[in-house]
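Heads up, the thing below is written out as structure tokens.
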Amino acid sequence: MAFEGIFKAQFDSSVNKALTTGVKGAFVEGCTYGVASGLIYLAEALLFYVGAVLIARGLYTYLQMVEVLNLVVFSVTIGSQLMAFSK
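Here you go:
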């Protein structure tokens, strides 16, 4: 047929555009996932440090530190999961 070459050229062009868009999208998705996961660990590390300082000074008990740690870590985890689902 005479149209076969035209259809193949259009198909190849569409595939190349889709590949370029997919590679860029995968990079952005990977970066945002990494940041969201990193925020959880950063918040947890910061809370452990502050909690240890407060316990060492006698301002907090271990139980109070663990309660605050659980609340904040769960909140940050749920927030990052909502960010992942809201795309």
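Position in the sequence shown (from 1) plus 1095 gives the number in my numbering.
We treat Cβ as the ideally placed atom computed from N, Cα and C, and that holds for glycine.
- Listed in chain order, the non-local C-beta contacts of LEU1114 below 7 angstroms within the same chain number zero, local neighbours out to five positions each way being set aside.
- Judged by their CB atoms, VAL1167 and LEU1142 are nearer to each other than the 7 angstroms cut-off.
- Taking C-beta atoms as the reference points, ILE1150 and MET1160 count as a pair closer than 7 angstroms.
- Burial state of SER1175 is buried, judged by a 10 Å Cβ sphere holding 16 or more other Cβ atoms.
- Excluding sequence positions up to five before and after GLU1139, its CB lies within less than 6 angstroms of the CB of VAL1168, all in the same chain and listed in chain order.
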